[in-house]
Structure formats: structure tokens, C-alpha cells
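*Asks:*
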Amino acid sequence: MRSQQKQFFERSDGRTLKKWQIRKTGWVYLIPAWLLLLAIVLVPMFFSFTSSFSDANLMNSDSQFIGFDNYNQIFKDSLFWEATRTTVIISGMSLLIQIPLGFFLAVLLNMELRGTALLRSGILMPLLLTPVAVGLMWRLMMNIDNGVINGTLHMFGLPAIDWLGDRNSAILSVILVDSWQNTAFVMLLLLAGLQNIPASPIEAAKVDGASTFQVYRHVILPLLAPVALVVVMIRIIESIKLFDFIYILTSGGPGTATQNISLLDFRYGFTFLQTAQAAALGIIITLSLTPMYLLWRRANRI
Amino acid sequence: MNKSKLARFSAFIVLLFFFIGSLFPIYWTLLTSLRDRLDIFAKVPKFFGGNLTLENYRSVISDETFISSLKNSVFITVLATFVSVLVGSLAAYALARNGRFKSRRPFESWMILLRALPGIVLAVPLYQMVVKLGLYDNSWALVICYAAINLPYSVWLMVGFIQGIPIEIEESAQIDGASQFRILTRIILPLVRSGLGATTIFVAMLSWNEYLLPLILADEGSKTLPVYVGGFVTSRTIDYGAMAAAACLCIIPIALVTLLVQKQLIRGLSLGAVKE
Numbered sequence: 284m285r286s287q288q289k290q291f292f293e294r295s296d297g298r299t300l301k302k303w304q305i306r307k308t309g310w311v312y313l314i315p316a317w318l319l320l321l322a323i324v325l326v327p328m329f330f331s332f333t334s335s336f337s338d339a340n341l342m343n344s345d346s347q348f349i350g351f352d353n354y355n356q357i358f359k360d361s362l363f364w365e366a367t368r369t370t371v372i373i374s375g376m377s378l379l380i381q382i383p384l385g386f387f388l389a390v391l392l393n394m395e396l397r398g399t400a401l402l403r404s405g406i407l408m409p410l411l412l413t414p415v416a417v418g419l420m421w422r423l424m425m426n427i428d429n430g431v432i433n434g435t436l437h438m439f440g441l442p443a444i445d446w447l448g449d450r451n452s453a454i455l456s457v458i459l460v461d462s463w464q465n466t467a468f469v470m471l472l473l474l475a476g477l478q479n480i481p482a483s484p485i486e487a488a489k490v491d492g493a494s495t496f497q498v499y500r501h502v503i504l505p506l507l508a509p510v511a512l513v514v515v516m517i518r519i520i521e522s523i524k525l526f527d528f529i530y531i532l533t534s535g536g537p538g539t540a541t542q543n544i545s546l547l548d549f550r551y552g553f554t555f556l557q558t559a560q561a562a563a564l565g566i567i568i569t570l571s572l573t574p575m576y577l578l579w580r581r582a583n584r585i
Numbered sequence: 203m204n205k206s207k208l209a210r211f212s213a214f215i216v217l218l219f220f221f222i223g224s225l226f227p228i229y230w231t232l233l234t235s236l237r238d239r240l241d242i243f244a245k246v247p248k249f250f251g252g253n254l255t256l257e258n259y260r261s262v263i264s265d266e267t268f269i270s271s272l273k274n275s276v277f278i279t280v281l282a283t284f285v286s287v288l289v290g291s292l293a294a295y296a297l298a299r300n301g302r303f304k305s306r307r308p309f310e311s312w313m314i315l316l317r318a319l320p321g322i323v324l325a326v327p328l329y330q331m332v333v334k335l336g337l338y339d340n341s342w343a344l345v346i347c348y349a350a351i352n353l354p355y356s357v358w359l360m361v362g363f364i365q366g367i368p369i370e371i372e373e374s375a376q377i378d379g380a381s382q383f384r385i386l387t388r389i390i391l392p393l394v395r396s397g398l399g400a401t402t403i404f405v406a407m408l409s410w411n412e413y414l415l416p417l418i419l420a421d422e423g424s425k426t427l428p429v430y431v432g433g434f435v436t437s438r439t440i441d442y443g444a445m446a447a448a449a450c451l452c453i454i455p456i457a458l459v460t461l462l463v464q465k466q467l468i469r470g471l472s473l474g475a476v477k478e
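The listed protein sequences derive, respectively, from chains A and B.
So the first sequence is numbered by our numbering: it starts at 284 and just counts up by one.
So the second sequence is numbered by our numbering: it starts at 203 and just counts up by one.
1) Are the CB atoms of Thr231 of chain B and Ala446 of chain B nearer to each other than 8 Å?
2) Establish whether the CB of Ser472 of chain B and some CB of chain A are separated by less than 8 Å.
3) With distances taken between CB atoms, is the gap from Ala339 of chain A to Ile544 of chain A smaller than 8 Å?
4) Please work out which residues of its chain come closer than 6 Å, Cβ to Cβ, to Asn353 of chain A, disregarding the five sequence neighbours upstream and downstream, and give them in chain order.
5) Nearest to Leu281 of chain B by CA position, among B:Leu419, B:Thr402, B:Asp378, B:Asp339, is which residue?
6) Along the region 313 to 346 of chain B, what residues have a CB closer than 7 Å to any CB found in chain A?
7) Taking CB distances under 8 Å as the criterion, tell me whether Leu477 of chain A reaches chain B.
8) Hey, would you say Phe277 of chain B sits closer than 8 Å to Ser356 of chain B, going by beta carbons?
9) Of the choices B:Val332, B:Arg239, B:Tyr295, whose alpha-carbon is the least far from that of Ile364 of chain B?
10) So, Leu324 of chain B versus Pro327 of chain A, is the Cβ gap smaller than 8 Å?
11) Drop a sphere of 10 angstroms on the beta-carbon of Ser374 of chain A, count the other beta-carbons inside from all chains shown, and report buried for 16 or more, exposed for fewer.
12) Going by the beta-carbon positions, is the gap between Thr554 of chain A and Val457 of chain A smaller than 8 Å?
13) My assumption, with CB atoms under 8 Å, is that Ser275 of chain B sits in contact with Leu427 of chain B. Please give the rounded CB distance.
14) Out of curiosity, what's the CA-to-CA distance linking Ala406 of chain B and Gln330 of chain B?
15) Could you spell out where the alpha helix (DSSP H) holding Asp527 of chain A opens and where it closes?
16) Could you name the residues of chain A that Tyr442 of chain B contacts, counting a contact when the two beta carbons are closer than 7 Å?
17) Give the residues from the region 204 to 232 of chain B that approach chain A closer than 7 Å (Cβ to any Cβ), ordered along the chain.
18) Could you tell me whether the region 520 to 537 of chain A touches the region 411 to 431 of chain A, where touching means 3 or more Cβ pairs closer than 8 Å?
19) Using the Cβ count rule (16 or more neighbours within 10 Å means buried), how would you classify Gln497 of chain A?
20) Using three-state DSSP, classify Leu254 of chain B as helix, strand or coil.
21) Below 8 Å on the Cβ atoms is my contact criterion, and I expect Asp548 of chain A with Ile390 of chain B to pass it. Report the Cβ-Cβ distance as a whole number of Å.
22) Return no unless some Cβ of chain B is closer than 8 Å to the Cβ of Thr539 of chain A.
23) What is the DSSP secondary structure of Arg397 of chain A, reduced to helix, strand or coil?
24) Look at the alpha carbon of Arg210 of chain B and the alpha carbon of Thr495 of chain A, and state the distance between them as a whole number of angstroms.
25) Any idea what DSSP makes of Arg368 of chain A, helix, strand or coil?
26) Mind checking if Gln382 of chain B is an interface residue toward chain A, Cβ cutoff 8 Å exclusive?
27) Quick one: which chain B residues come within Cβ less than 7 Å of Ser404 of chain A?
28) Find out if the Cβ-Cβ distance for the pair Ile432 of chain A, Met438 of chain A is shorter than 8 Å.
29) Please confirm whether Ser545 of chain A has its beta-carbon closer than 8 Å to some beta-carbon of chain E.
30) So with CB distances below 9 Å, who are the chain A contacts of Leu414 of chain B?
31) Take Leu414 of chain B and list the residues in its own chain whose beta-carbon comes closer than 8 Å to its own, dropping the five residues that flank it on each side.
32) Considering only the beta carbon of each residue, do Met360 of chain B and Gly399 of chain B sit closer than 8 Å?
33) Taking Cβ-Cβ distances shorter than 8 Å, what residues in chain A pair up with Met407 of chain B?
34) Could I get the ranges of all uninterrupted alpha helix (DSSP H) runs contained in the region 379 to 463 of chain B, with 4 residues as the minimum, in chain order?
35) Can you confirm whether Ile468 of chain B, when its beta carbon is compared against all beta carbons of chain A, has any partner nearer than 8 Å?
36) Please name the residue or residues paired with Arg317 of chain B in a DSSP beta bridge.
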């Protein structure tokens, strides 16, 4: 076996035959994936790009080149700025709730108490549910007249809250539901991160007389930072992508209070039927993701 | 009770609190789906019991649109998952085995972009293309679209799992004269099957839950379950009992999968970070 392996190395100009082969043929394995990408991503994005400079809408098919008019119109549209603000608020508030809470739960689960495996399964459950069903569930519970939340408030003699009908409480409701579903994701990844931290630096710190708080602050948190960065990145991206459950829960309402950038793009395209404008907004969203994209490249994989 | 016992006890109580908070909405929806109008509209909520009935389920299941949506969902989920995992695994093999070919970097870039892009950005041009090609409301078009948008998950998960297999195994197989394709199908795939299972389950869950694409690219003919279920809120008077029943029917497969293969699903969800 050993002698055979030697021959094998000799025959392939200093490198192993294996590496030499895949270097030449690796791209073949990517052909089906490229074909899928071409049909569903590259061509549509190119199509979007060209039509964003035209006056196309769902009614007329022979469109004309109108330069940056669509972009100008979007930047002049107060709906666009409102949607941007809503997206930032939802992203920011969700992070502020989900990151600390997810970390807290991960630390508790990492204590590996008896019976917590079952508790963990339960806490993960919302993460797996169809977002549309999540929207329905909370719409059922947040209903102003016969929802269980207001019913419970009523039992304790508290006034009813218009969870979905008031501008401010509607956006809080969206953040609440998002956190209900997605805090478990933060918890799961941070828990994996905690479990991957080697025991030796923690023990060394304890031997040196560090308190539990000091161990977390100076040993565990710095070691967890790379995972935490990935989690923050994914959560920001997901909150920009947010569509399904908001569409069911509030449809962007009341008025346009919970209309984020994804919902606005949907409105442009399928309510106002301004296809070219929707395409232009799509290009704006794609470009605005550039920092996220670069960060992701640097974070390598995941 | 000493200090550390107290800490453990309070940790348990806090986790229990979040456990109940996580499950209550599901419990409440299930309970609502089993109730008649009288109990649903009770001013003081009944947290247990009452008159339980299967009437809501009967009315949903007897709806022809529900049955066709269920069929479409199963058909599209199964095929899209198959295509996505197959195509993703092939690409992942080349990426995992340090191939330094030219198309590598652009491919990775497109994977990241696709992962980050909101669905609606693609859905707008896809709608126009699908209409032009006469593929509007076509299940096969949805299969291809689902397979493509879930490709980043298939590829990244499989790259991680394939990298977990020692390359020496492949090298010795190569010495024995096996072709690259044979190595992939006879050695890598059997070794990576638990990872393959985790990827398949995760991508199937994503496909089952997908809402935006079928909402835009399909009508009655290839309506999927999430779109059917979502339809309950757009009607003027909401039938809460039936709506809850429909929501439950949509999440039952996921609940079953969670109970049966939770570890696999967690591996997928945590992007391979949690091994167990």
C-alpha cells in the first residue's frame, strides 16, 4: 500500500493526483448549480436591472428607456423613507431583544440541568413553524375583541390594548412576534458556540481567582464573539427579508405603520402594478446589502 | 438550600417560563381549532376544556381547495428538496475538496447574495418571466424556483459535512483505480448520509414553509398550503375556528418531523454548528 502511494505521488508533478484532478474537473460539479442560478437568479436580476430604467408596468409591454426616473421617484416617495425607517426599527429592536435574551437562554441551557433537554425542544419549536401559521396564531391571540391576550388583561381588570390596530403598538407587536419565533435561533447558535469553547482557559481563569462574572466578561465573551457576529449578521439579513408573517399579521398596516421595505416592494409590484419601479427598488435593496455581503465574505462561509 | 442549588433551581424556573411562553400560542391555536363559536368568542378566555369538536377540521378538510393545496405542497416540497439537495451536494463536493477552479469565487459570491436577498426582489422579475413563458401557476416552475432559492443552504450544509470526511479515504480509493464519480457515489455519499439527511430535512422544512413565491407565481391550480392557510385572513369575516384548524394542519407535519428527527433538524438550523 505504502509503495503504491509513493508511485501515486511521483506521477503527479509534486502534488497528489487527487488534488490535481479536482483542480481540473471541479467546475464540472458546479454546472447544474450554475444552470439553476442562471435561470432563477442571474437572468431575473439582469431583467430587473434593465427594466428599472424603463417605464414598464404590468399593463404595457412595449416600454421605453427613461434613465434614472424610477430611482428618482422612489427617493422622492415618502413611503420609501417610511419603509426604510420601519425596517431599521424592526431590525434594531429585534436585535436588542433577541441577542441578549438568546445569550441568556444559551447560558442557562449550557448549565445542563436535568430535564432541560425537553425544555430546549419546546423553546426551539417556534423557530420551525411556518411563518404564515405564526402570523395567524398571533392574529388570533392579539385580536382586540376576543383575543386571549386582551381576555387575560380583562380578567385582571386591565384595559384592552389594540395590538394590531394602533400604529405604535402594531410595530411593537411585529417585533414581539419576530422575537417569539427567532430568539431560539440566536440561542441555538450561541449555545453551540458556548459548547465549543475549550474548558482549559475557563479553568485557568478560575484557578487565578476570577469570579463567574469575570470569567464571562474576559474569557467566554471574547471567545464567543466570532459566532455572535455571524448571528447578528444573519438576524439583520433575516429582518430585512421579513415578509410572510407581517403580511398575515398586519399586511403592513394600520395604514403603512408596519410596511417594511420588502412589503413596500410587493406593493409597488403587485398593488400599484408599477413593475419598473418595483424592479428599481429591488436593485436599491440589493445594493444596500453590500456591507452585509462583504462582512459575510470576510466571516468565511456560513 | 445552598447558593448553587438555588441558582440551578431559578435557572430551571426561568427556562420553564420560556418553555411555556414558546408553546402557549401553539396550544391556544390547537384549542381554538377544537372549539365551537361560543367558546371561541367567550369574553373570559377558557384555558382548558370546554366543548371540544372536530367540526372546524371537518369544514377545512371538506374544502376541495384545501385538498389540492395539500397535494401541491407535498409534490413541490418533495421534488424541490430532491433537486436542491442533489445539485447542492454536487457543487459542495467540488467546493469541499479544495478545488481551485476559476468559477469558485463567483459561485460563492452568488450563494451569499442569494442567501441575503429578500424573496420579493427576485419574485418581481420572476413573475414577469413566468408569465411570458406561459408558466404562471405551474407547479414545475415552482419546483425549480424553490430548488434554486434554497441552494445556498444545501451547498453550505453539505460542504461542512463533506469536509468532515477524511480525504485520505478518497485518496486510497483513487490509488485503487476508482474514478472520481465512483468515489463520490460509492464512498462519499454513503459516508455523508447522516449529513445528507439533515440537509434534506432542513431544505424540506424551508420548502414547506415558503410563502412569497407561490403567492406571486401561482393561482388556484398550484396553490400551496401556506397560501391557502394565509387566505383565511383576507376574507372579510374571519372564521377563527377554521383558520386555527388550517394553521394546525399546516404545522402538523413540521411538529411530527420535529419530534422524530429533531437532532437532524437542529444540525440544519444551526448550519451544521451543532453536531451532537
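Where a beta carbon is used, it is the ideal one built from N, C-alpha and C, also for glycine.
*Replies:* So, to answer that:
1) As a working mapping, residue 231 of chain B is identified with position 29 in the second sequence. As a working mapping, residue 446 of chain B is identified with position 244 in the second sequence. Taking 8 Å as the Cβ cut-off, Thr231 of chain B and Ala446 of chain B qualify as a contacting pair.
2) Taking the first residue of the second sequence as position 1, residue 472 of chain B is located at position 270. Taking 8 Å as the CB threshold, Ser472 of chain B lines the interface with chain A.
3) Taking the first residue of the first sequence as 1, we reach residue 339 of chain A at position 56. Taking the first residue of the first sequence as 1, we reach residue 544 of chain A at position 261. Not closer than 8 Å, so no.
4) Within the first sequence, numbered from 1, the residue matching residue 353 of chain A stands at position 70. Closer than 6 Å at the Cβ level, and outside the excluded window around Asn353 of chain A, lie Ser335, Ala559, Gln560, Ala563.
5) Position 79 of the second sequence holds residue 281 of chain B. The shortest C-alpha separation from Leu281 of chain B is found at B:Thr402.
6) Answer in chain order: Ile314, Leu315, Leu316, Ala318, Leu319, Pro320, Gly321, Ile322, Val323, Leu324, Val326, Pro327, Leu328, Gln330, Met331, Ile346.
7) The residue labelled residue 477 of chain A in the question sits at position 194 within the first sequence. Output row for Leu477 of chain A: interface = no.
8) Taking the first residue of the second sequence as position 1, residue 277 of chain B is located at position 75. Taking the first residue of the second sequence as position 1, residue 356 of chain B is located at position 154. The criterion of a C-beta distance shorter than 8 Å is not satisfied by Phe277 of chain B and Ser356 of chain B.
9) Sequence index remark: in the second sequence, residue 364 of chain B carries index 162 (1-based). Per the Cα distances, B:Tyr295.
10) Position 122 of the second sequence, counted from the first residue, corresponds to residue 324 of chain B. Position 44 of the first sequence, counted from the first residue, corresponds to residue 327 of chain A. Yes, the Cβ-Cβ distance between Leu324 of chain B and Pro327 of chain A is below 8 Å.
11) Indexing the first sequence from 1 puts residue 374 of chain A at position 91. The residue in question, Ser374 of chain A, is buried, as its Cβ has 16 or more Cβ neighbours within 10 Å.
12) Here residue 554 of chain A refers to the residue found at position 271 of the first sequence. Here residue 457 of chain A refers to the residue found at position 174 of the first sequence. The answer is no: Cβ separation not under 8 Å.
13) As a working note, residue 275 of chain B is residue 73 in the second sequence. As a working note, residue 427 of chain B is residue 225 in the second sequence. About 4 Å; that satisfies the 8 Å criterion.
14) On the second sequence, residue 406 of chain B is found 204 positions in, with the first residue counted as 1. On the second sequence, residue 330 of chain B is found 128 positions in, with the first residue counted as 1. Approximately 27 Å between the Cα atoms of the pair.
15) By one-based count along the first sequence, residue 527 of chain A stands at place 244. Element bounds for Asp527 of chain A: 527 to 532.
16) The residue labelled residue 442 of chain B in the question sits at position 240 within the second sequence. Result: Leu423.
17) Those residues of the region 204 to 232 of chain B that come within reach of chain A (Cβ to Cβ, closer than 7 Å) are Arg210, Ala213, Phe214, Val216, Leu217, Leu218, Phe220, Phe221, Ser224, Leu225, Pro227, Ile228, Trp230, Thr231.
18) Judged by Cβ distances under 8 Å, the region 520 to 537 of chain A makes contact with the region 411 to 431 of chain A, as three or more pairs qualify.
19) Stepping through the first sequence from its first residue, residue 497 of chain A is reached at position 214. Classified as exposed, Gln497 of chain A has fewer than 16 neighbouring CB atoms from the shown chains inside 10 Å of its CB.
20) Within the second sequence, the letter at position 52 stands for residue 254 of chain B. The answer is strand: DSSP assigns Leu254 of chain B an E or B state.
21) For the purposes of this step, residue 548 of chain A is taken as residue 265 along the first sequence, with counting starting at 1. For the purposes of this step, residue 390 of chain B is taken as residue 188 along the second sequence, with counting starting at 1. With a Cβ gap of about 41 Å, Asp548 of chain A and Ile390 of chain B do not count as contacting.
22) Reading the first sequence from its first residue, position 256 is the one you call residue 539 of chain A. False, the Cβ-Cβ gap to chain B never drops below 8 Å.
23) Looking up residue 397 of chain A in the first sequence gives position 114. Three-state DSSP puts Arg397 of chain A in coil, outside helix and strand.
24) Position 8 of the second sequence, counted from the start, is the residue given in the question as residue 210 of chain B. Position 212 of the first sequence, counted from the start, is the residue given in the question as residue 495 of chain A. Between Arg210 of chain B and Thr495 of chain A, the alpha-carbon positions lie close to 14 Å from each other.
25) By one-based count along the first sequence, residue 368 of chain A stands at place 85. Helix at Arg368 of chain A.
26) What you label residue 382 of chain B is simply residue 180 of the second sequence in a count that begins at 1. Chain A, which has a Cβ nearer than 8 Å to the Cβ of Gln382 of chain B, makes this yes.
27) Locating residue 404 of chain A in the first sequence gives position 121, counting from the first residue. Simply Gln464.
28) Your numbering for residue 432 of chain A matches position 149 in the first sequence. Your numbering for residue 438 of chain A matches position 155 in the first sequence. Going by C-beta atoms, Ile432 of chain A is not nearer than 8 Å to Met438 of chain A.
29) Judged by its chain identifiers, the structure shown contains no chain E, and its protein chains are A and B.
30) Locating residue 414 of chain B in the second sequence gives position 212, where the first residue counts as 1. Correct list: Phe526, Asp527, Tyr530, Ser545, Phe549.
31) Counting from one through the second sequence, the residue named residue 414 of chain B turns up at place 212. The residues are Gly321, Ile322, Ala325.
32) The residue given as residue 360 of chain B occupies position 158 in the second sequence. The residue given as residue 399 of chain B occupies position 197 in the second sequence. Gly399 of chain B is positioned such that its CB atom lies no closer than 8 Å to that of Met360 of chain B.
33) Taking the second sequence and counting its residues from 1, one reaches residue 407 of chain B at position 205. Leu411, listed in chain order.
34) Positions of the alpha helix (DSSP H) runs, each at least 4 residues long and wholly inside the region 379 to 463 of chain B, are given as 395 to 411, 414 to 419, 427 to 436 in order along the chain.
35) For this step, residue 468 of chain B is matched to residue 266 along the second sequence. So, interface residue.
36) As a working note, residue 317 of chain B is residue 115 in the second sequence. Looking at the DSSP assignment, Arg317 of chain B forms no beta bridge with any residue, so it has no partner.
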